[in-house]
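Quick note on the working numbering: the sequence shown kicks off at 3 and runs consecutively. Ideal placement from N, C-alpha and C gives every residue a C-beta, glycine not left out. This structure is a prediction, so every number in the text was calculated from the model and none was measured. Right, one structure below, let's go through it.
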Amino acid sequence: MKGIQETVKRALAEDLGRRGDITTQLFVPRSTKLRGRVVAKADGVICGTGVAREVFRQVEPGAKVRVLVPDGRPVRKGQAVLEVRGGRGILTAERTALNFLQHLSGIATLTAAYARLVKGTRAKIHDTRKTIPGLRALAKYAVICGGGLNHRMGLHDAVLLKDNHWARGKESLPTAGPCGDNAAGAWPADLLRSAKEARRRYPGMMLEIEAADLPQVRMAVEAEPDVILLDNMTTATLKEAIRLIRAARPSPQVEISGGVSLATVRSLAKLGPDRISVGRITHSAPALDLSLELEW
Numbered sequence: 003m004k005g006i007q008e009t010v011k012r013a014l015a016e017d018l019g020r021r022g023d024i025t026t027q028l029f030v031p032r033s034t035k036l037r038g039r040v041v042a043k044a045d046g047v048i049c050g051t052g053v054a055r056e057v058f059r060q061v062e063p064g065a066k067v068r069v070l071v072p073d074g075r076p077v078r079k080g081q082a083v084l085e086v087r088g089g090r091g092i093l094t095a096e097r098t099a100l101n102f103l104q105h106l107s108g109i110a111t112l113t114a115a116y117a118r119l120v121k122g123t124r125a126k127i128h129d130t131r132k133t134i135p136g137l138r139a140l141a142k143y144a145v146i147c148g149g150g151l152n153h154r155m156g157l158h159d160a161v162l163l164k165d166n167h168w169a170r171g172k173e174s175l176p177t178a179g180p181c182g183d184n185a186a187g188a189w190p191a192d193l194l195r196s197a198k199e200a201r202r203r204y205p206g207m208m209l210e211i212e213a214a215d216l217p218q219v220r221m222a223v224e225a226e227p228d229v230i231l232l233d234n235m236t237t238a239t240l241k242e243a244i245r246l247i248r249a250a251r252p253s254p255q256v257e258i259s260g261g262v263s264l265a266t267v268r269s270l271a272k273l274g275p276d277r278i279s280v281g282r283i284t285h286s287a288p289a290l291d292l293s294l295e296l297e298w
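Structure follows, in structure tokens:
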């Protein structure tokens, strides 16, 4: 994966500063030889072994790393994930290597839990852009390792019209009728033109439109996007929205998002969407408990 070396370099600089690992320099002789094993303290899915290897390589160039559980594979509590042999630099690299492994394995593990719950439906779990700045590529790689799929990488590789883009045209919206049909807004003509311009300017690039209610769904269908994102809707509204979208020709893919949890993802998947995007798999995944056990 591109950029791993630079990402690791920045992480080590953050930890070592200008002086380096002063504790190890003071208390551990240069001639020390160490052997260590990274061991899982909980069940999960492993991700980040290549990054951990790069950490050890940069700190201890002569270190030998043997991966025992490849990325994307399950691990059981008590199982060794990798072995490392080398000098005292292993102590210096320990925390940075574990930080990457634990964070990325946590993402993979949570993604796998979501993916298991939607098996047997047409829905696939997708990530979002809700990632730690500077670590997006790694986070999205971890999602793949957990059995999920990647949404757009950034603002540059897909057109996604969201709620704040809709808000741009609020001043020109008609007054809500007695049933409140226009309360969340109708499609401003200039935004419809912009959606069509996106097709002309970026042919082949995904065009997705977020909708918060049925009037917006109807307007989104008019733009003929690749995907319509149904955000924070009730179950009843989702059912009707999906019916409207499936009836369209051409029929866009349906994505559901907004507060999706492990408790709700299965019932949402049974409604028949193509995609369910889950922010928490990258922004709130708990780290997988791993530790480095050393032999002197």
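Legend entry - Three or more C-beta pairs below 8 angstroms linking the region 238-245 and the region 203-222: yes
Inset, instruction - Go ahead and pull the three-state DSSP assignment for E56. - result: On the sequence shown, position 54 is the one that residue 56 refers to. Three-state result, E56: helix.
Legend entry - Whole-Å CB distance - G80 paired with T113, under 8 angstroms assumed: As a working mapping, residue 80 is identified with position 78 in the sequence shown. As a working mapping, residue 113 is identified with position 111 in the sequence shown. That belief does not hold up - the Cβ atoms of G80 and T113 are roughly 23 angstroms apart, past 8 angstroms.
Inset, instruction - Tell me whether A42 is buried or exposed, calling it buried when 16 or more other Cβ atoms sit within 10 Å of its Cβ. - result: For the purposes of this step, residue 42 is taken as the residue at position 40 of the sequence shown. Its Cβ being crowded by 16 or more others within 10 Å, A42 is buried.
Inset, instruction - Go through its chain and collect everything with a Cβ distance to I258's Cβ below 6 angstroms, but skip five positions before and after it. - result: The residue given as residue 258 occupies position 256 in the sequence shown. For I258, where only same-chain residues beyond five positions count, the Cβ hits under 6 angstroms are L232, L270, P275 and I278.
Legend entry - Own chain partners of C147 with C-beta closer than 7 angstroms, once the 5 adjacent residues on each side are dropped: In the sequence shown, counting from the first residue as 1, residue 147 sits at position 145. Once the five neighbours on either side are set aside, the close Cβ partners of C147 are V47, C49, D73, G74 and A110.
Legend entry - Per DSSP, cross-strand counterpart(s) of R39: Locating residue 39 in the sequence shown gives position 37, where the first residue counts as 1. The partner list for R39 (beta bridge, DSSP) reads E85 and E295.
Legend entry - Backbone secondary structure at H128 - three-state DSSP: Numbered from its first residue, the sequence shown carries residue 128 at position 126. In the structure shown, H128 sits in a strand (DSSP, three-state: E or B).
Legend entry - Option nearest I211 by Cα separation, candidates R68, H167 and Y204: Along the sequence shown, one-based indexing puts residue 211 at 209. For I211, the nearest C-alpha among the options comes from H167.
Inset, instruction - If I'm right that L36 touches I92 with Cβ under 8 angstroms, what's the distance once you round it to whole angstroms? - result: One-based indexing of the sequence shown puts residue 36 at position 34. One-based indexing of the sequence shown puts residue 92 at position 90. That belief holds up - the Cβ atoms of L36 and I92 are roughly 5 angstroms apart, short of 8 angstroms.
Legend entry - Rounded distance between the beta-carbons of V53 and F102, thought under 8 angstroms: Taking the first residue of the sequence shown as 1, we reach residue 102 at position 100. Taking the first residue of the sequence shown as 1, we reach residue 53 at position 51. F102 to V53, Cβ: 4 angstroms. Contact.
Legend entry - P76 - partner residues in DSSP beta bridges: Counted from its first residue, the sequence shown places residue 76 at position 74. Answer by DSSP bridge pairing, in chain order: V47.
Inset, instruction - With L232 as the anchor, note down where its beta strand (DSSP E) starts and where it stops. - result: Here the question's residue 232 lines up with position 230 in the sequence shown. Element bounds for L232: V229 to D233.
Legend entry - Environment of Y143 [buried if 16+ CB atoms lie within 10 Å]: Translated into the one-based positions of the sequence shown, residue 143 becomes position 141. Per the 10 Å Cβ criterion, buried.
Legend entry - Cβ-based neighbour list, D17, same chain, cut-off 6 angstroms, excluding 5 preceding and 5 following: The residue you call residue 17 lines up with position 15 of the sequence shown. Excluding residues within five positions, the ones whose Cβ falls inside 6 angstroms are T98.
Inset, instruction - Tell whether a beta-carbon distance below 8 angstroms holds between N234 and G261. - result: Within the sequence shown, the letter at position 232 stands for residue 234. Within the sequence shown, the letter at position 259 stands for residue 261. Yes, Cβ-Cβ distance for N234 and G261 is below 8 angstroms.
Legend entry - Host alpha helix (DSSP H) of A110 (start-end): On the sequence shown, residue 110 is found 108 positions in, with the first residue counted as 1. Unbroken alpha helix (DSSP H) run through A110: G91 to L119.
Inset, instruction - State the DSSP-derived secondary structure class of E226, mapped to helix, strand or coil. - result: To locate residue 226, count along the sequence shown from 1; it is residue 224. In the structure shown, E226 sits in coil (DSSP, three-state: anything other than H, G, I, E or B).
Inset, instruction - Hey, could you find the ends of the beta strand (DSSP E) I258 is sitting in? - result: The residue labelled residue 258 in the question sits at position 256 within the sequence shown. It spans Q255 to S259 - the beta strand (DSSP E) in which I258 sits, taken as one unbroken run.
Legend entry - Assigned exposure category for T9 - 16 Cβ within 10 Å defines buried: Here residue 9 refers to the residue found at position 7 when the sequence shown is read from its first residue. With 16 or more other Cβ atoms within 10 Å, it is buried.
Legend entry - Exposure of T94, with buried meaning 16 or more beta-carbon neighbours within 10 Å: Counting from one through the sequence shown, the residue named residue 94 turns up at place 92. Buried.
Inset, instruction - Can you give me the start and stop residues for the beta strand (DSSP E) that E242 sits inside? - result: Counting from one through the sequence shown, the residue named residue 242 turns up at place 240. Unbroken run through E242 is the alpha helix (DSSP H), T237 to A249; no beta strand (DSSP E).
Inset, instruction - Round the Cβ separation of R309 and A82 to the nearest angstrom and send it over; I've been treating them as touching at under 8 angstroms. - result: Absent from the model: residue 309. The displayed extent of the chain is 3 to 298, so no value can be given.
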